[in-house]
Amino acid sequence: MGLPSVMVLPLLIVFAAGVYYIYNKVMQLMSKTLVCNKVVVITDAVSGVGTECAHLFHKAGARLILCGTTWDKLESLYDSLITDSDPKETFAPKLVILDFSDMDSMEDVVAEVMECYGYVDVLICNSSMKLKAPVQSVSLELDRNIMDINYFGPSTLAKGVLPAMMSRRSGHVILVNSIQGRLAVPFRSSYAASKHAAQAFFDCLRAEVEEYGIVVSTISHTFINARQPPSAAEPAPKQNILAQYIISQLNHGVRPSVLANEILQTVNRKRKEVLLAHPIPRVALYLRSLFPPFLFAVLAAGVKDSVLAEQIQ
Numbered sequence: 002m003g004l005p006s007v008m009v010l011p012l013l014i015v016f017a018a019g020v021y022y023i024y025n026k027v028m029q030l031m032s033k034t035l036v037c038n039k040v041v042v043i044t045d046a047v048s049g050v051g052t053e054c055a056h057l058f059h060k061a062g063a064r065l066i067l068c069g070t071t072w073d074k075l076e077s078l079y080d081s082l083i084t085d086s087d088p089k090e091t092f093a094p095k096l097v098i099l100d101f102s103d104m105d106s107m108e109d110v111v112a113e114v115m116e117c118y119g120y121v122d123v124l125i126c127n128s129s130m131k132l133k134a135p136v137q138s139v140s141l142e143l144d145r146n147i148m149d150i151n152y153f154g155p156s157t158l159a160k161g162v163l164p165a166m167m168s169r170r171s172g173h174v175i176l177v178n179s180i181q182g183r184l185a186v187p188f189r190s191s192y193a194a195s196k197h198a199a200q201a202f203f204d205c206l207r208a209e210v211e212e213y214g215i216v217v218s219t220i221s222h223t224f225i226n227a228r229q230p231p232s233a234a235e236p237a238p239k240q241n242i243l244a245q246y247i248i249s250q251l252n253h254g255v256r257p258s259v260l261a262n263e264i265l266q267t268v269n270r271k272r273k274e275v276l277l278a279h280p281i282p283r284v285a286l287y288l289r290s291l292f293p294p295f296l297f298a299v300l301a302a303g304v305k306d307s308v309l310a311e312q313i314q
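Mapping to our numbering: the sequence shown position 120 is 121, numbers consecutive.
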C-alpha cells in the first residue's frame, strides 16, 4: 500500500534535512582532519576575523603562528585559546609581532616566522587598513602607509614563506582582500587602489606557483560587520534612491564568524577565488565589466547627492 500523497512532501523535507545535517557533520569532521598538524600563519590575529580564525584553526588541531602589532593583545588571545581547548588535542600557539606599516622590520619578521617550525603550510594574509576620504584630502604619506599595510606587507610576507613551500612542493596562501579589490567605490581611492594591487599580485602568484603544488586563494568580501547598526536618531544624508540602495548593499557586510568559516572552508576545498557579497554588489561587478558607463553614472550621482547634502547641512 503506497503512502498518501499528502505525506510525500513532509517526508521529503525530513529526508533533505537529515542529509543536510549529515553533510554538515561530515564537513566539520573533515575540516578538523585536513588542517590538523598544519602550520598556519594568521596576520592581524587580534582583529575580529583573525580571532575567529584563530579559534577555528586551533580547535581543528593546527599549529598556529599568530601575528599582531600589540603583544598584550596577542597574549590575551593566546590565553583564551589555551583556556578553551584540550592541551592533549591542540598545540600552543606561537606569537610574532608583525607591523606591516614598518616595512624595514619585515626581513626579521619573516625569519622569526620561519624559525617557529621551519616551514609554513598555510599563510592567511588578513591585515587591512581602511580609509574614507576625498582624493584631494589624502596625503602621499597616508597613501604609502595604506599601500604598505594592504599590499607591500602581504606580498613581502608571501615572498618570504614561498621558498620553503616551493621546496616542499606544497602550501596554501590566502589573501583576505575586499570586493573593492575588484570594484572601486567613491571616497575609497587609496583603499581601493591598494586592494586592486593586492588582487593583481596574488592572481599572478597563483599562476606562477601552480606547478609547485601551491594553492593561492583570494577572498573578496564586502564590509565586515562587527558593529551594532547605527542609531535611528542619526539621520543619513539624502541620496539618489538607486545610489543609496547600492551603497547600502555594499556596506551590508559579513560577520567575522562567517568570514572565518569561509576561510577554513577555502583551505579545506582549495578554492582559488571566493566572493562573499550580496546580490547588489555582484550585479555591480557585472555592470563594471559589461556596462561601465551606467555604473559610473550611478556612482557619480551618489557622490553629487552626498556633496549637496553636506552643503545643505
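Note that the Cβ used here is the ideal one computed from N, Cα and C, for glycine as well.
| Query | Result |
| --- | --- |
| How would you label L296, buried or exposed, when you count the other beta carbons within 10 angstroms and need 16 or more for buried? | buried |
| Can you tell me whether DSSP reads R189 as helix, strand or coil? | coil |
| With a threshold of 8 Å, are at least 3 pairs of Cβ atoms found where one atom belongs to the region 100-120 and the other to the region 85-92? | no |
| Going by alpha carbons, who is nearest to V110 out of K271, A159, D144 and D73? | A159 |
| Just reading off the alpha helix (DSSP H) that H56 is part of, what are its end residues? | G49 to K60 |
| Compare the C-alpha of C37 against each of L265, F292 and M166 and name the closest. | L265 |
| Starting from S168, follow its DSSP beta bridges and name the residues at the other end. | Looking at the DSSP assignment, S168 forms no beta bridge with any residue, so it has no partner. |
| In terms of residues, what are the limits of the alpha helix (DSSP H) holding E263? | P257 to R270 |
| Given this structure, state the Cα-to-Cα distance separating A194 from S106, to the nearest angstrom. | 24 Å |
| To the nearest angstrom, how far is it from the Cα of N151 to the Cα of R272? | 22 Å |
| Note the first and the last residue of the continuous beta strand (DSSP E) segment covering I66. | R64 to G69 |
| I'd like to confirm something about Q266: is its beta-carbon nearer than 8 Å to some heavy atom of the ligand PLP, or not? | The ligand PLP is absent from the structure shown, which contains no ligand whatsoever. |
| With DSSP as the reference, please indicate the residues paired to T219 in a beta bridge. | L176 and E274 |
| Which of the three DSSP states, helix, strand or coil, is assigned to V210? | helix |
| Which one or two residues does DSSP pair with I43 in a beta bridge? | L67 and I125 |
| With 16 as the cutoff for other CB atoms within 10 Å, does Y79 come out buried or exposed? | buried |
| Sort G182, G154, K133 and L124 by Cα distance to R289 and report the nearest one. | G182 |
| How long is the line joining the alpha carbons of L276 and A112, rounded to whole angstroms? | 33 Å |
| Taking only three categories from DSSP, how would you classify V299? | helix |
| Pick out whichever of D45, I14 and D149 has its Cα sitting closest to the Cα of A261. | D45 |
| Does the Cβ-Cβ distance between V41 and A17 come in under 9 Å? | no |
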